[in-house]
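Engineer: These protein sequence lines are chains P and U, in that order. FYI, the numbering for the first sequence is 112 to 455, going by the working numbering. FYI, the numbering for the second sequence is 112 to 455, going by the working numbering.
Protein chains: 2
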Amino acid sequence: MQRPTIKTIAQETGLSIATVSKALKHSPQVRPETRAIVIEAATRVGYELNLHGVQLRTGKTYQVAAIMTAPGPKQNEWEGVEYAQLLSGISWALEDSPYRVSLYAVRNFEESQAVIKQIVSLKKADGIIISGTRADDPRIRTMQAADFPFVTYGTSIHNAPHAYVDADNEQMIRVAMARLVERGHRRIALLNPLSDLSYGITRLEAYRRSLEVAGLPYDPALIAHGRLTPAFGRENVLTMSELSNAPTAYICANEASALGAFSGFHERGLVHGRDAVINATDDLNVSQYFAPPITTYYLPISEPSSLLGAYILRRMEGEPPEALQTLLMPNLIERCDDRLNPNR
Amino acid sequence: MQRPTIKTIAQETGLSIATVSKALKHSPQVRPETRAIVIEAATRVGYELNLHGVQLRTGKTYQVAAIMTAPGPKQNEWEGVEYAQLLSGISWALEDSPYRVSLYAVRNFEESQAVIKQIVSLKKADGIIISGTRADDPRIRTMQAADFPFVTYGTSIHNAPHAYVDADNEQMIRVAMARLVERGHRRIALLNPLSDLSYGITRLEAYRRSLEVAGLPYDPALIAHGRLTPAFGRENVLTMSELSNAPTAYICANEASALGAFSGFHERGLVHGRDAVINATDDLNVSQYFAPPITTYYLPISEPSSLLGAYILRRMEGEPPEALQTLLMPNLIERCDDRLNPNR
DNA sequence: ACAAGAAAGTTAAACGTTTTTATCGTGCAT
DNA sequence: ATGCACGATAAAAACGTTTAACTTTCTTGT
Chain P
112 MQRPTIKTIA QETGLSIATV SKALKHSPQV RPETRAIVIE AATRVGYELN
162 LHGVQLRTGK TYQVAAIMTA PGPKQNEWEG VEYAQLLSGI SWALEDSPYR
212 VSLYAVRNFE ESQAVIKQIV SLKKADGIII SGTRADDPRI RTMQAADFPF
262 VTYGTSIHNA PHAYVDADNE QMIRVAMARL VERGHRRIAL LNPLSDLSYG
312 ITRLEAYRRS LEVAGLPYDP ALIAHGRLTP AFGRENVLTM SELSNAPTAY
362 ICANEASALG AFSGFHERGL VHGRDAVINA TDDLNVSQYF APPITTYYLP
412 ISEPSSLLGA YILRRMEGEP PEALQTLLMP NLIERCDDRL NPNR
Chain U
112 MQRPTIKTIA QETGLSIATV SKALKHSPQV RPETRAIVIE AATRVGYELN
162 LHGVQLRTGK TYQVAAIMTA PGPKQNEWEG VEYAQLLSGI SWALEDSPYR
212 VSLYAVRNFE ESQAVIKQIV SLKKADGIII SGTRADDPRI RTMQAADFPF
262 VTYGTSIHNA PHAYVDADNE QMIRVAMARL VERGHRRIAL LNPLSDLSYG
312 ITRLEAYRRS LEVAGLPYDP ALIAHGRLTP AFGRENVLTM SELSNAPTAY
362 ICANEASALG AFSGFHERGL VHGRDAVINA TDDLNVSQYF APPITTYYLP
412 ISEPSSLLGA YILRRMEGEP PEALQTLLMP NLIERCDDRL NPNR
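1. Kindly indicate which three-state DSSP category V141(P) falls into: helix, strand or coil?
2. DSSP beta-bridge partners for I383(P)?
3. Starting from P341(U), find everything on chain P with Cβ-Cβ shorter than 7 angstroms and list it in chain order.
4. Can we say the segment 243-256 of chain P touches the segment 116-126 of chain U, given the rule of at least three CB pairs closer than 8 angstroms?
5. Between the Cα of L435(U) and the Cα atoms of L370(U), D277(U), D330(U), which residue gives the shortest distance?
6. Between the C-alpha atoms of E188(P) and A364(P), what's the straight-line distance to the nearest angstrom?
7. For I423(P), tell me which candidate among I201(P), R250(P), G191(P), E190(P) has the shortest Cα-Cα distance.
8. Using a beta-carbon distance cut-off of less than 7 angstroms, what residues from the segment 332-356 of chain U approach chain P?
9. Just checking: is the beta-carbon of Y194(U) within a distance shorter than 7 angstroms of some beta-carbon in chain P?
10. For T263(U), which option in Y173(U), P139(U), V382(U), S416(U) has the closest C-alpha, if you only look at C-alpha atoms?
11. Work out the CA separation of D394(P) and I412(P) for me, nearest whole Å.
12. Roughly how far, in whole angstroms, is the beta-carbon of T145(P) from the beta-carbon of A153(P), given that I think they are within contact range, below 8 angstroms?
13. Please confirm if Q229(P) has its CB atom under 7 angstroms from at least one CB of chain U.
14. Does the beta-carbon distance from S309(P) to G265(P) come in below 7 angstroms?
15. Comparing C-alpha positions only, which one of L205(U), V175(U), T313(U) sits nearest to S213(U)?
16. When the Cα atoms are used, what is the spatial distance from R250(U) to Q224(U)?
17. The beta strand (DSSP E) with H336(U) in it runs from where to where?
18. Chain P partners of M179(U), CB-CB under 8 angstroms?
19. Can you tell which of R294(U), F373(U), I227(U) has its C-alpha closest to the C-alpha of F401(U)?
20. Relative to chain P, which residues along the segment 151-177 of chain U have a C-beta separation below 7 angstroms, given in chain order?
21. Quick one: is R211(P) near chain U, going by C-beta distance under 7 angstroms?
22. Hey, is H269(U) close to the ligand ATP, as in C-beta under 6 angstroms from one of its heavy atoms?
23. Could you check what DSSP says for A274(P) in three-state terms: helix, strand or coil?
24. Could you spell out the range, first to last residue, of the alpha helix (DSSP H) harbouring S267(U)?
25. Taking only beta-carbon atoms, is A236(U) less than 7 angstroms away from chain P?
26. Give the straight-line distance between the Cα atoms of P341(U) and A369(U), rounded to the nearest whole angstrom.
27. Note the first and the last residue of the continuous beta strand (DSSP E) segment covering Y409(U).
28. Excluding sequence positions up to five away, which residues of its chain have a Cβ less than 8 angstroms from the Cβ of V192(U)?
29. Does DSSP put M283(U) in a helix, in a strand, or in coil?
30. How big is the Cα-Cα spacing for P358(U) and R114(P)?
31. To the nearest angstrom, how far is the alpha carbon of R379(U) from that of L315(U)?
32. By a C-beta neighbour count over all protein chains shown, 10 Å radius and 16 as the cutoff for buried, is A271(U) buried or exposed?
33. Return helix, strand or coil for V175(P), following the three-state DSSP convention.
34. Quick one: is H377(P) buried, meaning 16 or more other Cβ sit within 10 Å of its Cβ, or exposed?
35. What is the DSSP secondary structure of G326(U), counted as helix, strand or coil?
36. Whose C-alpha, out of H273(P), S232(P), H137(P), L305(P), is nearest the C-alpha of R219(P)?
Okay, structure coming up:
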């Protein structure tokens, strides 16, 4: 038995395939009664839309390309692990649609740029989701120039308005800084992502403004930019803790770098809470298992990821990008009091 | 300007589209000279094969379905993070082929079963990659019955031969057990994955045989099965450490449960190396950042993942599954001496 | 009563490819 | 010379769907 097509239904009902096609897509050109007949026949024979036919005819691909920047296989570092949850969240958001997530793993920014150009020009997908946005992101410009639907995980600063989802990094840093200052800290280190990333810039600016508000000096020695691996967290603690005026608090941009910071503490014999404290942004709720558990700003990654999926669907349906912009505020989870130890 | 098709090339060369099509796929029916003309014209006009046409005509999808079992969005646990690297490894292995990775995120085993049935019967992909195999896995039977190409990450025990890639769990446990016994340990806990998973069974059997070899008794109280989250590791340390005859070593099946075990140590005031030790299987090279770093059996996940990609390609080309079976031995990385502390 | 227009279907073409079948020379044996 | 096989190419159909253009029937306002 062959797989049933609209032709099967046409024969079954005595209608033409055109009518069947229209009926199935709820065209107003077909009467409700006729549609009912078609639907009945369709379910009876177990009809399922063959996407290949649609794709050839309409050029639609029913693919959403998810661009995933992951370090190459030689890089044995704990990095980008949040992608797993990100991807599954997106995938679930598309579950009831005909769209599928098509994965494009790239090694770096340049490659992502090339891949996106290809997807856009050869129309290998109907929509694109990217992350790791830069302040002025050429990929965004490529997609906007081609009027190609996309959503970014992360904001941009100099690009024209586009659909995005991101954590509210500015607010988060302000709250985190105010809280630490209030608890007596005067030397606060910021472990930031790579400096060309948009959210790195946002965080740094919020950090500087928070220092101003608190009347504290800005010291570049307390700022680090890099790939957010454990190694990055560790090395910066090793360096900064040797400063004559070492930081008493570290704000880590993710849980991987926070874990590395702990490793640095261990190496230097620093005790969390006594010598310094670590706060972190956490997507995976893993810092609760650190020893000791630390204070985090927790944004369950399922939230932004399902939004990304929902937004790309709406964007592909033509909704304007301005309506699809969300900043999510992470939840403060206080696991330590984080007060400056006066007898340090 | 429209995207060029074989029709464009036909006009350009004065040949028929049939000849062009055959020339492009190196059919012996077309003369080398003619083929050269076609190839030249194709590159000149910038021709790219339109997959939609092929798909409709041949039924091929050029999709490899990767089934990813991830906990639902409500589950805020660090689980399945290795999927990110697994997926990127697969994606890279397919890079030079026309195949793409199509992601299917599912919440549990039953759902993965349903999804696979659908992919197979509606031919939504040309090949499937699954993980989390069971001793007797119904999904494998489904795919085998339909003669559908697939590769599993993980072995099965009662199924007919199929293509797989896995860590050599048996060997790993034997080595790990022998090493701990040699270092004086007599009470060794095994934190194992869910008991229906094939590799859980393999590990348990290797564990029991190792005990026999060492002349040690088997105590069910030292065995735990569960989802390999940090919570799982933590809770089992909390429980087992209260036993009258508590374990002096814990073997954790992944780094997430090892991190959780550390959290349990911290809670109970246990000191690693003094009261007990933790060994783990590590895919992500993250245990080096634990405090202290622990001994692990490290298998960089890039190895199995690129093999999975390579194998599914070969399987789709018709290579017999028996030729596509690999067990990879993790590397022992000794970061502690792990000797039993006599003054415990 | 009749033209105009709407409503509901039908016909047919089209998307780009592969593949079966047909065609047409050409060389070869008879 | 004639027939035949063969090699190379062309013609045409097919995959499943959408959609522009057309036909038929029914409504409606004058």
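Even glycine gets a Cβ: it sits at the ideal position worked out from N, Cα and C.
Structural biologist: This is what the structure holds:
1. What you label residue 141(P) is simply residue 30 of the first sequence in a count that begins at 1. Secondary structure of V141(P) (DSSP, three-state): coil.
2. Here residue 383(P) corresponds to residue number 272 of the first sequence, with the count starting at 1. First, the amino acid is wrong: residue 383(P) is His here, not Ile. In DSSP, H383(P) forms a bridge with A387(P).
3. Here residue 341(U) refers to the residue found at position 230 when the second sequence is read from its first residue. Identification of chain P residues near P341(U) by a Cβ-Cβ cut-off of 7 angstroms yields V397, Y400, ordered along the chain.
4. Note that the segment 243-256 of chain P does not touch the segment 116-126 of chain U; fewer than 3 beta-carbon pairs, one per stretch, sit closer than 8 angstroms.
5. Mapped onto the second sequence, residue 435(U) falls at position 324. Of the listed residues, the one whose Cα sits closest to L435(U) is D277(U).
6. Within the first sequence, the letter at position 77 stands for residue 188(P). Within the first sequence, the letter at position 253 stands for residue 364(P). Across the structure, E188(P) and A364(P) are spaced so that their CA atoms are roughly 16 angstroms apart.
7. If you number the first sequence from 1, residue 423(P) lands on position 312. Selected option, being the one with the closest Cα: I201(P).
8. Residues passing the 7 angstroms Cβ filter: P341, R345.
9. In the second sequence, the residue the question calls residue 194(U) occupies position 83. Answer yes: the Cβ-Cβ gap between Y194(U) and chain P drops below 7 angstroms somewhere.
10. Numbered from 1 along the second sequence, position 152 holds the residue referred to as residue 263(U). T263(U) has its Cα closest to that of S416(U), out of Y173(U), P139(U), V382(U), S416(U).
11. Residue numbering aside, residue 412(P) sits at position 301 when the first sequence is read from its first letter. Residue numbering aside, residue 394(P) sits at position 283 when the first sequence is read from its first letter. The straight-line gap from Cα to Cα measures roughly 5 angstroms.
12. Walking along the first sequence from the start, residue 145(P) turns up at place 34. Walking along the first sequence from the start, residue 153(P) turns up at place 42. Between T145(P) and A153(P) a beta carbon distance of about 12 angstroms is seen, past the 8 angstroms cut, so the two are scored as non-contacting.
13. Within the first sequence, the letter at position 118 stands for residue 229(P). It does not; no Cβ of chain U falls within 7 angstroms.
14. For the purposes of this step, residue 309(P) is taken as the residue at position 198 of the first sequence. For the purposes of this step, residue 265(P) is taken as the residue at position 154 of the first sequence. For the pair S309(P) and G265(P), the CB atoms are nearer than the 7 angstroms cut-off.
15. To locate residue 213(U), count along the second sequence from 1; it is residue 102. For S213(U), the closest alpha carbon among the candidates L205(U), V175(U), T313(U) is that of V175(U).
16. Locating residue 250(U) in the second sequence gives position 139, where the first residue counts as 1. Locating residue 224(U) in the second sequence gives position 113, where the first residue counts as 1. Approximately 6 angstroms, taken between the alpha carbons.
17. Numbered from 1 along the second sequence, position 225 holds the residue referred to as residue 336(U). Taken as a continuous stretch (DSSP letters only), the beta strand (DSSP E) holding H336(U) covers 334-336.
18. Locating residue 179(U) in the second sequence gives position 68, counting from the first residue. A195, L198, S199, S202, listed in chain order.
19. Position 290 of the second sequence, counting from 1, holds the residue named residue 401(U). Taking the Cα of F401(U) as reference, the smallest distance to any Cα among R294(U), F373(U), I227(U) is reached at F373(U).
20. Close to chain P, meaning a Cβ-Cβ distance shorter than 7 angstroms, are the following residues of the segment 151-177 of chain U: E159, H163, G164, Q166, L167.
21. What you label residue 211(P) is simply residue 100 of the first sequence in a count that begins at 1. Interface residue, yes.
22. The model on display carries no ligand, and the ligand ATP is accordingly not part of it.
23. On the first sequence, residue 274(P) is found 163 positions in, with the first residue counted as 1. In the structure shown, A274(P) adopts extended strand secondary structure according to DSSP, grouped into three states.
24. One-based indexing of the second sequence puts residue 267(U) at position 156. Note, S267(U): premise wrong, no alpha helix (DSSP H); not H, not E.
25. Here residue 236(U) refers to the residue found at position 125 of the second sequence. For A236(U), no CB of chain P lies under 7 angstroms from its own CB, so it is not counted at the interface with that chain.
26. Reading the second sequence from its first residue, position 230 is the one you call residue 341(U). Reading the second sequence from its first residue, position 258 is the one you call residue 369(U). Roughly 7 angstroms separates the two Cα atoms.
27. Within the second sequence, numbered from 1, the residue matching residue 409(U) stands at position 298. Bounds of the beta strand (DSSP E) holding Y409(U) are 406-409.
28. Here residue 192(U) refers to the residue found at position 81 when the second sequence is read from its first residue. So the list reads A367, L395, once near-sequence residues are dropped.
29. The residue given as residue 283(U) occupies position 172 in the second sequence. Helix.
30. Within the second sequence, residue 358(U) is the residue found at index 247, counting from 1. Within the first sequence, residue 114(P) is the residue found at index 3, counting from 1. If you take the alpha carbons of P358(U) and R114(P), they lie about 59 angstroms apart.
31. In the second sequence, counting from the first residue as 1, residue 379(U) sits at position 268. In the second sequence, counting from the first residue as 1, residue 315(U) sits at position 204. Going by C-alpha positions, R379(U) is about 27 angstroms away from L315(U).
32. Counted from its first residue, the second sequence places residue 271(U) at position 160. Counting Cβ neighbours within 10 Å, A271(U) comes out exposed, since fewer than 16 surround it.
33. Translated into the one-based positions of the first sequence, residue 175(P) becomes position 64. In the three-state scheme derived from DSSP, where H, G and I count as helix and E and B as strand, V175(P) is classed as strand.
34. The sequence position of residue 377(P) within the first sequence is 266, counting from 1. Per the 10 Å Cβ criterion, buried.
35. Translated into positions along the second sequence, residue 326(U) becomes position 215. The answer is coil: DSSP assigns G326(U) none of H, G, I, E or B.
36. Residue 219(P) sits at position 108 when you count from the first residue of the first sequence. According to the sequence shown, residue 219(P) is Asn rather than Arg. Minimum Cα distance to N219(P) is reached at L305(P).
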